[in-house]
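Single-structure report; data block below.
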Amino acid sequence: MAPTHSALSRRAPKPGFAKPTVVDPATRPEATPRPPYPFTAIVGQDAMRRALLVAAVDPSVGGVLVFGDRGTGKSTAVRALAALLPPMRAVAGCAYSCDPVEAGALCPACAARRAQGLTVKTVPVPVVDLPLGATEDRVVGALDIGRALGAGEKAFEPGLLARANRGFLYIDEVNLLEDHLVDLLLDVAASGVNTVEREGLSLRHPARFVLVGSGNPEEGELRPQLLDRFGLAVQVSTPTDLASRVAIVRRRDAYERDPAGFAADWADEEARLGRRILAARARLSEVAVPDAILEAAAGLCLALGTDGLRGELTLMRTARAVASLDGAGTVTLDHLRAVAPGSLSHRLRRNPLDEAGSEARIARAIAEVLG
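The UniProt record's numbering puts the last residue of the sequence shown at 371; the count rises by one with no breaks.
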């Protein structure tokens, strides 16, 4: 006779086959997020770190482009810098993290509620990755299909530009970005506003962010229109000295084995640099830029034949931010010399009669103009 169901249920389980345990998701402990690699623990790459600090002090510089070899810490540095910055005050419940103090930068919903008072909270500075395969709807936002089908409402589902407002928009392999997304980013970066006109939706929301791009120049060139939109451009390379390579490997290995412990070891350095950034922001408007410095900046751009006046503006703003970071009250020629390569290297016209690289041409112009 075949065994009944009750007999089967009382039968002892076979060795090696334990009864599965069902875990209630509500009671499952959340995994502790791994802290990002400390910004102050990055070895070398001084030009890249300084450019990112300048963008953190004065976002009006216009973003940072980092070109170089793979595995040189480009994405690590961007995420580390955002974690270094103190939380920002934002309107609670706002999809765009509007600044409650700056009335002119509020989204329409926050502007309408401002008279009744806005609830404020603190949130981390956002760092949003823009993947190469992202659709335009994913970037700018689109109709919320779920609410449209379920409730019959035309609701807006914010995209990556909304999440990046007041933070960093990071594009890895930016030189491989599709042309239609490049055009879109150019419009938003210039205006600071994302305009959505699609599927019966018509709205505008703030989208002010620091654009950070990285890539390998061997995989393709960047469109000139987008290249010119970046305020600073720096080259990074794999360290060639033994001591730096050993230090990088040792620190990275220590971080991978104990991320929390490694971050704790660098907490004091991180806090010190964070206070330095806040102090630099506070005194930025007080840093003087003498007429002689402006004339020197214009002379450099004339000697190098840069197009437009964006080169002079970037030179002035970057030199002022570096001076503020140094605690100086006035921009000097030394500040101008230090920031000229990053501010102008990507703005030079190609000269078929001059085989020297951009950095060599800038160094030659600095010697001729600044002495």
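Backbone N, C-alpha and C fix where the C-beta goes; we use that ideal spot for every residue, glycine too.
{"Query": "Under DSSP, the beta strand (DSSP E) around glycine 213 begins and ends at which residues?", "Result": "210–215"}
{"Query": "Reducing DSSP to helix, strand and coil, say where residue 394 ends up.", "Result": "Nothing in the structure corresponds to residue 394, since the chain is present only between 1 and 371."}
{"Query": "Which stretch, first to last residue, makes up the beta strand (DSSP E) that contains isoleucine 171?", "Result": "168–172"}
{"Query": "Taking the beta strand (DSSP E) that histidine 346 falls in, what are its first and last residues?", "Result": "Segment: none, histidine 346 is in no beta strand (DSSP E) and carries neither H nor E."}
{"Query": "When we look at the beta-carbon of alanine 340 and count the other beta-carbons within 10 Å, is it buried (16 or more) or exposed?", "Result": "buried"}
{"Query": "By the three-class DSSP mapping on this structure, what secondary structure does arginine 10 have?", "Result": "Only weak support exists for where arginine 10 lies, its pLDDT of 43 falling under 50; the value from the coordinates is given anyway. Of the three classes helix, strand and coil, the one that applies to arginine 10 here is helix, per DSSP."}
{"Query": "Are valine 196 and glycine 231 close, meaning C-beta to C-beta below 9 Å?", "Result": "no"}
{"Query": "DSSP beta-bridge partners for lysine 121?", "Result": "Ala90"}
{"Query": "Express the C-alpha separation of alanine 360 and glycine 299 in angstroms, rounding to a whole number.", "Result": "17 Å"}
{"Query": "Considering only C-alpha positions, which residue in the set Ala109, Val287, Gly62, Ala260 is nearest to leucine 169?", "Result": "Gly62"}
{"Query": "What runs of the alpha helix (DSSP H), each 4 residues or longer, lie entirely inside the stretch 225–272?", "Result": "242–257, 259–265"}
{"Query": "Less than 8 Å between C-beta atoms, sequence neighbours within five positions excluded: which residues of the same chain meet that for valine 101?", "Result": "Arg89"}
{"Query": "Measuring only the C-alpha atoms, how far is alanine 83 from proline 224?", "Result": "31 Å"}
{"Query": "Give the straight-line distance between the Cα atoms of alanine 243 and glycine 44, rounded to the nearest whole angstrom.", "Result": "11 Å"}
{"Query": "Tell me where the beta strand (DSSP E) around aspartate 129 begins and ends.", "Result": "127–129"}
{"Query": "Output needed for arginine 163: all residues of its chain with C-beta closer than 7 Å, excluding positions within five of it in sequence on either side, in chain order.", "Result": "Pro126, Val128"}
{"Query": "Given that a residue counts as buried once 16 or more other Cβ atoms are within 10 Å of its Cβ, and exposed if not, what is glycine 104?", "Result": "exposed"}
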